[in-house]
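Numbering (the numbering used here), first residue to last: 3 to 751.
Here's the structure we're looking at; comments come further down.
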């Protein structure tokens, strides 16, 4: 019961005991952080960074919801000596002092001769690759665009500019591999680990290569994509232009290419490739093979229906429309822009080197292990995404769309597409249904994947508009909305010409689309709490003043390949149709029968209205780990050919591995969840019975792929997705608001 010592909490005796204890802890610890005992000692810069740390700064850094705290967290706040300060005023640990320069220094040691030799070898490899592609195409040809493989390829169809971009990227990828092989000629074991004798890791070295200037070695044949001037708007970089460019160019005046179409996806975490450069991840951290994507799909994502009690199928359909606004990941084509048929298990050798099929596992509940016709092992077809990086280093994939919410899904991502879609007097071209005079999307017979008996499919700003009837219907609604607004503006501004009407309407449509996304869609997807936490809440009045010219609006690959594919869980086998009295119209449209078959909109005039009523009035599936068998067993299936469909969820998992996406556990840590060391550590976010299924197929918790991990989390209160996907999606939409100079709430005149 001693009185506390002056300025202390405990009395002198306890203070003495505690002081002796902590003095001994400091004196007897060989790894004490201030010791100068190599090899464990910190550098002077690292020690200086540690000495600036405070508990208040640590609390701020670890908790996004904390905005203000007093500097001395152990002492109560007072307005004079310990007033609360914004978290930005508190010192946080500066990690730049821990930067490992060994890989960078290795890159700096590359001689000009070494670079020249590597690039020359890469040039020869590119020539050999083109010869190989020609020989394989001559021997095997390409897939029928209307086949299941062709239909799947049409979802990721590369334009000629993306293909030109990818040629340069492959050349640089070959050069990167040559440099690694040159430095580690006698060290060919798994390069993700790399040989300690080299003094640095492959990943560090490969990353450092991105800063190596090779412009002096590149000729005109490797100078990047060539886009016809009439299809590019690089000349439109006036700061006072009130309208966006179509390509996204010059939204950012300091870095005009940020957010532009045909640029690479950004990343939340560095890529994890099997070889450190480009090969998809195939092995567990334990060294054993990862489970087949099909095994993950069937074990973690069975077909169990659980209709949502509150939200409608419009949530699913709007999400797909929004996804097509933001992301388009093109895949490789074969010689003469053919579609390589990657279904055979040996297709990387016999069809195209970028094929990456995966086998049907033994004992699959639906697909046979062996092709009953040929007797060969049955595989799921998969073609890798096009690379887009324009420097040495690891493979990065290209986004063919602009990053911004600019309504390019309606108008197109370059001036050439816009010109095809524009009509007279500021309107968009439309097909008039002769039966009722209502507007439909313009039609074209130029789609080789079109399965309509008429040979005509619809066209829109995004090439996937005829993919399935629900998507076609919502495209049609926005076409009609554009033309409705044009006529309204013509009434209030009769002096405006066609260009003024078109551009002002385009700006209004993009703004209203954005407003619906942030005001109605995201709060339901993420919860209002997450909307507030990540700064996504729209202003009730006034202007948004948080635009930053230093941030990057690019879509992150984790968003495109995993988090924003949550909508696959919302699908139902049929698209319902409802009459004006909201009674079912029979038959509903079976999903597998609707792909690229839009003649129903011409032959049945009320189709758009019936589908819109059905989407807005019928419950969606609950967002969980369960997925309808329509897309896990029958996607793009040709009814005449048994087992010709593909598994959408398995494709999602294979695509993430193709893009070098790290495991789910890494994103838990990024999003301030506990990094799991055992499967049981997932119990707070994932149900026990799902954890048990994860344990059946994954060797360790560090192997779980991002898509199944995120989809298995319990939803946030008031939201649809769990905390990891909510984090990734919210970060993305925060960037799309903060980094957009043309954001509709901005006060930029």
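Glycine residues also receive a C-beta, built at the ideal position from the N, C-alpha and C atoms.
For a test of your reading of the model: does the CB of residue i fall under 7 angstroms from any non-hydrogen atom of the ligand NAP? Yes or no.
i: residue 308; result: Because no ligand of any kind appears in the structure shown, any question about the ligand NAP cannot be addressed here.
Tell me the rounded alpha-carbon separation between residue i and residue j.
i: residue 583; j: residue 617; result: 15 angstroms
i: residue 300; j: residue 633; result: 12 angstroms
i: residue 13; j: residue 21; result: 12 angstroms
i: residue 199; j: residue 30; result: Interpretation of residue 199 is limited by its pLDDT of 36, a score under 50 that renders its predicted location unreliable; no figure is taken from the coordinates.
i: residue 441; j: residue 554; result: 38 angstroms
i: residue 39; j: residue 94; result: 26 angstroms
i: residue 325; j: residue 566; result: 7 angstroms
i: residue 713; j: residue 731; result: 13 angstroms
i: residue 414; j: residue 427; result: 18 angstroms
i: residue 240; j: residue 258; result: 11 angstroms
i: residue 253; j: residue 247; result: 8 angstroms
i: residue 578; j: residue 592; result: 9 angstroms
i: residue 630; j: residue 642; result: 21 angstroms
i: residue 233; j: residue 305; result: 45 angstroms
i: residue 696; j: residue 568; result: 19 angstroms
i: residue 201; j: residue 207; result: Confidence at residue 201 is low in this model, with a pLDDT of 41, below 50, so the placement of that residue should be treated as unreliable; the coordinate-derived value is given next. C-alpha separation (whole angstroms): 10 angstroms.
i: residue 576; j: residue 140; result: 41 angstroms
i: residue 700; j: residue 292; result: 7 angstroms
i: residue 664; j: residue 26; result: 42 angstroms
i: residue 489; j: residue 479; result: 16 angstroms
i: residue 15; j: residue 23; result: 13 angstroms
i: residue 189; j: residue 278; result: Low confidence applies here, because residue 189 scores a pLDDT of 40, under 50, leaving its location unreliable; read the following figure in that light. Roughly 14 angstroms separates the two Cα atoms.
i: residue 456; j: residue 338; result: 26 angstroms
i: residue 318; j: residue 482; result: 21 angstroms
i: residue 127; j: residue 173; result: 8 angstroms
i: residue 393; j: residue 212; result: 6 angstroms
i: residue 87; j: residue 64; result: 16 angstroms
i: residue 195; j: residue 266; result: The predicted position of residue 195 is uncertain, since its pLDDT is 35 and thus under 50; a value taken from the coordinates is nonetheless stated next. Whole-angstrom Cα-Cα distance: 26 angstroms.
i: residue 99; j: residue 48; result: 5 angstroms
Quick one: measure Cβ to Cβ for residue i and residue j, integer angstroms, because I've assumed they're closer than 8 angstroms.
i: residue 459; j: residue 598; result: 6 angstroms
i: residue 347; j: residue 379; result: 5 angstroms
i: residue 412; j: residue 484; result: 7 angstroms
i: residue 624; j: residue 179; result: That belief does not hold up - the Cβ atoms of residue 624 and residue 179 are roughly 45 angstroms apart, past 8 angstroms.
i: residue 274; j: residue 662; result: 5 angstroms
i: residue 333; j: residue 158; result: 4 angstroms
i: residue 384; j: residue 359; result: 5 angstroms
i: residue 61; j: residue 75; result: 6 angstroms
i: residue 438; j: residue 586; result: 21 angstroms between Cβ atoms; not a contact.
Could you tell me which residues DSSP puts in a beta bridge with residue i?
i: residue 292; result: Looking at the DSSP assignment, residue 292 forms no beta bridge with any residue, so it has no partner.
i: residue 576; result: 592
i: residue 399; result: 389
i: residue 681; result: Residue 681 is not bridged to any residue.
i: residue 441; result: 434
i: residue 459; result: 446
i: residue 87; result: 71
i: residue 167; result: None, per the DSSP bridge assignment.
i: residue 586; result: 580
Between which two residues does the alpha helix (DSSP H) holding residue i run?
i: residue 632; result: 631 to 634
i: residue 326; result: 315 to 328
i: residue 671; result: 666 to 672
i: residue 501; result: 500 to 518
i: residue 331; result: Careful: residue 331 lies outside any alpha helix (DSSP H) and carries neither H nor E.
i: residue 63; result: 57 to 64
i: residue 750; result: Counting along the chain, residue 750 falls outside any alpha helix (DSSP H), and DSSP gives it neither H nor E.
i: residue 287; result: Note, residue 287: premise wrong, no alpha helix (DSSP H); not H, not E.
i: residue 133; result: 114 to 142
i: residue 303; result: Premise fails: residue 303 is in no alpha helix (DSSP H) and is neither H nor E.
i: residue 420; result: 417 to 423
i: residue 713; result: 708 to 713
i: residue 480; result: 471 to 494
i: residue 16; result: 14 to 29
i: residue 738; result: 725 to 740
i: residue 695; result: 690 to 699
i: residue 413; result: 410 to 413
With a threshold of 8 angstroms between beta carbons, is residue i in contact with chain B?
i: residue 145; result: Reference to chain B is not applicable here, since this structure consists of a single protein chain.
Which residues bound the beta strand (DSSP E) around residue i?
i: residue 623; result: 621 to 623
Entirely within the stretch 333 to 383 and at least 4 residues each: give me those alpha helix (DSSP H) ranges in chain order. 349 to 352
Unbroken alpha helix (DSSP H) runs of length 4 or more, entirely within the stretch 201 to 279: which are they? 204 to 210
Would you list, in sequence order, the uninterrupted alpha helix (DSSP H) runs of no fewer than 4 residues that lie entirely inside the stretch 527 to 558? 530 to 535
For a minimum of 3 consecutive residues, which ranges assigned as the beta strand (DSSP E) are wholly contained in the stretch 641 to 666? Secondary structure within the stretch 641 to 666: not one fully enclosed beta strand (DSSP E) run of 3 or more consecutive residues is present.
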